[in-house]
Every structure is written in C-alpha cells, then in structure tokens.
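Contents: one structure, followed by commentary.
Protein chains in written order, with this note's numbering: chain S, 75 to 216; chain A, 3 to 410; chain L, 32 to 344.
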C-alpha cells in the first residue's frame, strides 16, 4: 500500500457503468421467493406422535418458548411461541426421540402476536387412530 | 474565542439517523465547529448479565450471543471459553479450528458492514450499496455453514455444534477468493478516491498516547499506532497455530481506521485459507457437565470491534453466580469525545461510526459512587424504594396487573 | 395571445401539468439510474407519484412557535417560481412562450427563489437542525450561484443577447460554436448539483448529520410540494442548460422537437445521477472552497475564451 498514489475524484466510474448493464444484485423479494439452504434453522415443527413427554426441550429452551402438555394416556400436545423462540435448535438437539425438527421456513412475520403461538396437536387416541380425518398434526401458524 | 452566547446546542441522539442505536451526544456548536460534547450512555440497558444468572450455562450461551448482533460469535465464544476454563474442559482441536473459522468469517462480515456504514455516514451511498452487496456472500455462507445469518449458535460447552464438511471447503474458498478481489478494489478505492480522502483524512484524530490512556481497543487503537491484538498477545482457539500480521497504522485518524480494517480483511482471508488447509480431523465436542464447579475465570477475545472481555463466576450449580461482559465499544466510547474536539458537526457521524460502535452491547447500569444523590442499594431495598416512590405519587403498585399473572 | 391559449400554456403545456408529469418522470429516471448504477433493482415507474400522493394524505404539522404564514407559503413560493420560469425557456424550438430580451436574468433569479424558500422554511421551523440546514443552504447559494451565472453569461456574450431564446437561435444558426462552451456546460452541471442539493453538495439536508435540514419540520402536503418543487426545479434547470449549451434539433417539427428536448433533459438528468453516485458528501467549508477555487475559475476562463472567440469571428 503505497501512500502517495495519484488521487482523483470519480474513481468508481468504470465499475458504476458496468453495474448499469449487470443484473441487479437485489431481488424483487416478495415476488421472487428466497430459498434458504437446507440446514437453515427456522420454524420448529413438533412431530407429537413420537413425543414421550420427557420435557427435555422445555428444560433446555433458552427463552421458554416451548410447552408440552399431556392430553391423555401417553399423548402430548406441544405449544411453541414463535415470538419467543430464538431458533437456536437446542430443543431438536436434546430431544431423545428426535420429535422436533427445524424447517427452513423463515417467513414468520405476523401482525398479531397471537398468531405466532403455534399448537401441535397430540396424536389421536389409539381408539380414534382409525379415523382418517383426524390429522396427526395441525399447523396453526399458517 | 469561545463565546457562550453564540454557541448552539444540538442534540445528536438518542434518536438520530446517524446513530443506529440510541445514544445521546449533546454537541455545542459555534458555526459548524464543535466546542464541546457531552456523551450519555444507558438508553438500551437490557439486563443480559442479570438474565444470565437466572439461566443455566447452556441457555446462557444463546443469551450472550444476543449481546451483539454483529459480533454474536465473539460474545458466545468469550463466554464459553470462560466457562470451559472453570470446568477444566479441554476442547478438541477441530472445534478450536471451527470456532476460529467462524470468528474470522464474522470479522469479514463485520468489517464489510463497517465499510458500508462509513460510506453512508459521509454520504457515499454507492460505497454502502457495493460493500453490503459483497457482504451478502459471507451472510449466505453463514446461513449454509451455521444455519443462520446472524446468530450462528455454533458454540456449545466443550466444542461446537456443527461440523464443517470437507465438501464445503471449496465453496468457502471460492467466496473468500471473490471477497479478496473485492477488498483489493476497496483498498485501491480508499487510497485513490479524492472525496473519500477529503472526508476521512485528518478527521477524528486520536494520538497514540490518548488511545492508550483512554483504553481504546481494536482497530481504533491499532489505527493510532497502538500495537495490541488479543489474538496474538493472548492466543485463544487456534490462533497460536496460525500465521497472521497485526495491522497497525500511524495516521491516527478515521482514514487510518478504514485502512486498518481493510488490511485486517486481507489478513482474515489468509487466516481462513490456513484454517481450511490445516483443519485437523477428530471429534467436534467433548461432553460437558451440567453443573460447573465453583471458580471464576476471565476470557479475552479479539472481536471485530476490539477486545471483548467476559468474566464468569461459578458456584457449583448449573447456573453462573455472576457474568460480566465488557464489550469493546465501552472501551472505545471514552475516546469519542477526544476525537470530536475541534471537529466539524459534519464529521460527527463518521467519527462516531469510526469506532464501529455497538452501543446496545455496551449499556450497563452504572453506580456512581460519591455523587450528589448517589446511593447503592440491594435488591430488597430497591423493591421497597420502588413501592415507596410510586405510593408517593398516588399509584398503588399492588394493584398493577403483571402480565401473565391473571389472578391479580 | 388569447386568454384560452394563455390558460392552456399556464396549466397544461409547458406549464403546471407538463412540468409536474415530467418532474415526476425525471425523479423516476434519476432514482432508477441511481439504483442501477449501484447494482440495485430500483423503484417501479409510479414510485415518485405514489410517494407524492402518500405525502398528500399525511398529517400536516406546523411546529409551535413557527411563523405560520411563512412556513405555509414557502413550498408554494418554491413551486410557483419554478413553474413560472419554464415560460422563458425554449423547449424543442428556438422560441419560448414569453421571450424577451433579458429573460436569462429573470430565469436565474426565479431559480434562486426555491433555495430562498428552503431557507425561509427551515428558518421559521424553529428546529436547530432546520436552522443549521437553512444556513448551509444559503451559504451554498453564494458558492454555486456565481459560477452558474458566469457560466451562462459566457454563451450569452458570444450570442450577444440576454434572451435564452435568442441564445438558442444564435447557436442553432452556428451549429459548431456550442463546442466552445463545453467548459461552461461542465460548470453549469456542477452548479445544478448544488442547486438541487444532491450529493456531493447535499450538505443542507445531509441525512446523517442534520436529519433533513430545512425540511425536518415539514410533513404531509407541504413536504409533498417541496419535493415536487425540487423535481420540477431539476427539469427546469436541465432545460435551461440544454437550451443554452446543447442547441441541437431545434428546427424540427414541434413533436419531434419536443422529443429531442426530452432526450436532452434526460441525458442531463442521467449525468447528474451518475455524478451523485460518484462522490462522498463534501463538508460545507470544502464545498465553498471547491466552488470558489475550482469551479469559479473555470467559469471565468470560459468568459475569457468566449471574448477571444467573439473577436475572432
């Protein structure tokens, strides 16, 4: 780095003019979707059918975003407050049954805090399991 | 001649477009010249240190990571190093290398961000747009490597959480090559663009003596010729096994700070290449105990903005007894008033930006000892004082509903 | 001139409607080019109009202690002066709507009024940022206005007339003489940047220092009209520079003539957009120094050249 270089204004002209004919670096975001890489940590999803109710996730969550409630014989409902979640993925890491998964769905902005409270329903009781209409999970966030 | 009647007091902050965080600079002006500056911190105290005492070490990791958005890895690593020292954990070499890799990538993204902010503060928005465009390369790389663009959550007690596969190395190298080329362009631009030199040279002067006396750290100190860098002086992670040069400059002004940061970018690229070349095989973490034995430790870390210090005291439980964070900005704030002396109002934004401030990381409650109305009180006393204060003003605190407390 | 055509001239062409439409289109071209030069997408074509309409619907706030009539009238003054000056500038031909000997001086005078309006608006706002901005605006006037006057005086000297239409007609008759005025063209462009308060001369409204300068207390309708006045000022300034320094295609049919005129204005706006991407904002002292030590001497050199050329031909 020599200290006495010839200084002049308007040094950026060549690269500016090149930009003029280049494709813009920005995208028309809401119209052009942005896809995050596969391992991105965003909205957590709980597959409650495997949950054993050990509450390791509840104990380990840094922000107290997850709640596990028993709703019947060995059936558990999971509630995640996406407004509190810091998306660290600690819950997925400590879960012994790997029931929690972090998806790459990052577009979670909401106008109402209430819509950020997502409930993952417990699996249907064994007797009702034959009923095909009761889905194993419901995404209330949508 | 300072003439009291002709000075104008201009409030820069707590809300002002030049400042990205709430901070107050009361500037006295004579014409366009600054005669005095009064600085006030404390608009964004978040109580993170206290919050750390209420959570387990594992949970604290994610909390201290949020001390700063830009240098999140710095705070998490500084904290985790302190806890590991107390627990006597020796982390695997591969984990050390991965921590260093993330640290250097973070420095790259932080310095590129700074370059853009500096450009914006002097009205050179094209520089902002270009350097932030290039910074996106690092951000996308972070999303791939760590799973997030900002709060990487790479650290865990005893190592790191994610491995970096050998298949990802060529991609990282490709991005580093692209960024190196861009950085060379910015160095050339900084050296030869006349308007940049006009706005940066000789602005915000801080002599070496002042930098040392006021305890400046990081690029702010190094641009004043103070040759200090924790990575070399007190190596942590894998820095003792890597070759790099500590960039210093003797210009002592904002231009020097830009030159130091650009030089450090080049060093970071070389460090990343070395890390990828020397990355040892092996596990990425050792098992850490939930309860940390009693003890205390101080951990030093060279964040992009300067030396970051974490102090942790453990008492044998799974929660720390005390956590203290000394963010680099706290060390550098002192020097701002010095740099602004006899400066122009127009230079205030760039002078403040030149220390790469992160005021929210810095804000703490401060006990002023021996002041006029100062008093130190414990928690119980503080609660009583608060209740009394509101009663005197006709508010009954017992009737205030606390969120979540439906029964009240 | 009949009353009908006068009303048409004032309200439609080349008056208010044309100028507003062209001004908003000019702002779009400026912003889009600025964005593309910075490798960004840039706004859609209706963005300036959308911004204008949005501001119209916003709350109007007059700060306490402000001089209400002045505060209210400043944007109107600015816009009115700009719109009035378009009648003396020939667009696409060698005659303007109301040409007379000396209209060059009148236009230059009218184009100072917006800056004075910015100053008055800022001064009456009672905000410390607005006051600093107002002072910077008025300081800047003294720096760029003289070079601009001198730069426009030089072609007038050669053409031996004080009328813009006369100057345009003279250069249309002597097609190669415009090359003599190239230095003045550059000076006029630089001065125009100062007049429009664009980077590197946007010190009066420097966002990172004094937030928005004179406009800080303005909101809603009044801010919308200030911004519209600046847009129109860009068009009028560019038209003036085009009429004096770029005398091409003046003898064509009216429609073709207007198209050539629009192309010339857009070219000048494009150059201004490029210039404002190139530099860092100068400090007010550097700005004044630059104008007096570099721009003004070049303008005087142009006068000298034109005096010599006048003797030669």
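Cβ atoms here follow ideal geometry from the backbone N, Cα and C, with glycine treated the same way.
Classify residue i as buried or exposed, calling it buried when 16 or more other Cβ atoms lie within 10 Å of its own Cβ.
i, result
"residue 186 of chain L", "buried"
"residue 111 of chain A", "buried"
"residue 383 of chain A", "exposed"
"residue 251 of chain A", "buried"
"residue 77 of chain L", "exposed"
"residue 205 of chain L", "exposed"
"residue 242 of chain A", "exposed"
"residue 105 of chain S", "exposed"
"residue 320 of chain L", "exposed"
"residue 228 of chain L", "buried"
Rounded to whole angstroms, what is the Cα-Cα separation between residue i and residue j?
i, j, result
"residue 303 of chain A", "residue 286 of chain A", "20 Å"
"residue 350 of chain A", "residue 357 of chain A", "12 Å"
"residue 133 of chain A", "residue 194 of chain S", "43 Å"
"residue 183 of chain S", "residue 117 of chain A", "30 Å"
"residue 206 of chain A", "residue 143 of chain S", "59 Å"
"residue 389 of chain A", "residue 397 of chain A", "9 Å"
"residue 328 of chain L", "residue 222 of chain L", "13 Å"
"residue 92 of chain L", "residue 199 of chain L", "45 Å"
"residue 67 of chain A", "residue 61 of chain A", "10 Å"
"residue 394 of chain A", "residue 385 of chain A", "14 Å"
"residue 387 of chain A", "residue 378 of chain A", "12 Å"
"residue 269 of chain L", "residue 189 of chain L", "21 Å"
"residue 300 of chain L", "residue 247 of chain L", "26 Å"
"residue 334 of chain A", "residue 216 of chain A", "8 Å"
"residue 216 of chain S", "residue 192 of chain S", "With a pLDDT of only 36 at residue 216 of chain S, under the threshold of 50, the placement of this residue in the model should not be trusted; the figure read from the coordinates follows. Taking the straight line joining both Cα atoms gives about 9 Å."
"residue 96 of chain S", "residue 135 of chain A", "13 Å"
"residue 65 of chain A", "residue 318 of chain A", "20 Å"
When the cut-off is 8 Å and only beta carbons count, does residue i lie next to chain A?
i, result
"residue 231 of chain L", "yes"
"residue 75 of chain S", "Reliability fails at residue 75 of chain S, whose pLDDT of 42 lies under 50, so the model's placement of it is uncertain and the value that follows must be treated cautiously. So, interface residue."
"residue 239 of chain L", "yes"
"residue 81 of chain S", "yes"
"residue 134 of chain S", "yes"
"residue 72 of chain L", "no"
"residue 191 of chain S", "no"
"residue 324 of chain L", "no"
"residue 220 of chain L", "no"
"residue 130 of chain S", "no"
For residue i, decide whether its Cβ has a neighbour in chain L, counting only Cβ atoms nearer than 8 Å.
i, result
"residue 96 of chain S", "yes"
"residue 99 of chain S", "yes"
"residue 264 of chain A", "no"
"residue 119 of chain S", "no"
"residue 41 of chain A", "no"
"residue 261 of chain A", "no"
"residue 346 of chain A", "yes"
"residue 90 of chain S", "yes"
"residue 357 of chain A", "no"
Within 8 Å of any Cβ in chain S, is that where the Cβ of residue i sits?
i, result
"residue 308 of chain L", "yes"
"residue 317 of chain L", "no"
"residue 79 of chain A", "no"
"residue 37 of chain A", "no"
"residue 196 of chain A", "yes"
"residue 97 of chain A", "no"
"residue 202 of chain A", "no"
"residue 69 of chain L", "yes"
Does at least one heavy atom of the ligand ATP sit under 7 Å from the Cβ of residue i?
i, result
"residue 364 of chain A", "Of the ligands one can find in the structure shown there are none, so the ligand ATP has no counterpart to examine."
### Query
Which of the residues in the stretch 126-151 of chain A, read from start to end, lie with their CB under 7 Å from any CB of chain S?
Cβ contacts with chain S come from 128, 135, 145, 146, 149, 150.
### Message
Between the stretch 23-39 of chain A and the stretch 253-268 of chain L, can you find at least three pairs of beta-carbon atoms closer than 8 Å?
### Response
Touching, no.
### Query
According to a CB-to-CB cut-off of less than 8 Å, which residues of the stretch 152-169 of chain S neighbour chain A?
Residues passing the 8 Å Cβ filter: 160, 161, 162, 163, 164, 167.
### Message
With three or more beta-carbon pairs closer than 8 Å as the criterion, would you say the stretch 299-309 of chain L touches the stretch 66-73 of chain L?
### Response
The stretch 299-309 of chain L and the stretch 66-73 of chain L touch, with no fewer than 3 CB-CB distances between them shorter than 8 Å.
#### Entry: Stretch-stretch touch, CB-based, cutoff 8 Å, three pairs: the stretch 247-264 of chain A with the stretch 279-293 of chain A
No: fewer than three Cβ pairs fall under 8 Å.
### Message
Across the stretch 141-153 of chain A and the stretch 44-60 of chain A, are there enough close Cβ pairs to call them in contact, namely three or more that are closer than 8 Å?
### Response
Judged by Cβ distances under 8 Å, the stretch 141-153 of chain A makes no contact with the stretch 44-60 of chain A, as fewer than three pairs qualify.
### Query
Quick one: any contact between the stretch 112-126 of chain S and the stretch 144-160 of chain S, if contact means 3 or more CB pairs under 8 Å?
Inter-segment contact for the stretch 112-126 of chain S and the stretch 144-160 of chain S is present: three or more beta-carbon pairs are separated by less than 8 Å.
### Task
Could you tell me whether the stretch 159-176 of chain A touches the stretch 222-241 of chain A, using the rule of 3 or more Cβ pairs below 8 Å?
The answer is no - the stretch 222-241 of chain A does not touch the stretch 159-176 of chain A, with fewer than three Cβ pairs under 8 Å.
### Message
With three or more C-beta pairs closer than 8 Å as the rule, is the stretch 269-288 of chain L touching the stretch 231-247 of chain L?
### Response
Short answer: they don't touch.
### Query
Does the stretch 291-307 of chain L come close enough to the stretch 126-142 of chain L to have 3 or more Cβ pairs within less than 8 Å?
Touching, no, given that fewer than three Cβ pairs across the two stretches are closer than 8 Å.
#### Entry: the stretch 260-280 of chain A touching the stretch 100-111 of chain A, judged by at least three CB pairs closer than 8 Å
Enough Cβ pairs lie closer than 8 Å, so yes.
### Task
Could you list the residues in the stretch 40-73 of chain A with a C-beta less than 7 Å from some C-beta on chain S, going in chain order?
For the stretch 40-73 of chain A, the residues whose beta carbon sits under 7 Å from a beta carbon of chain S are, in order, 57, 60, 61, 64, 65.
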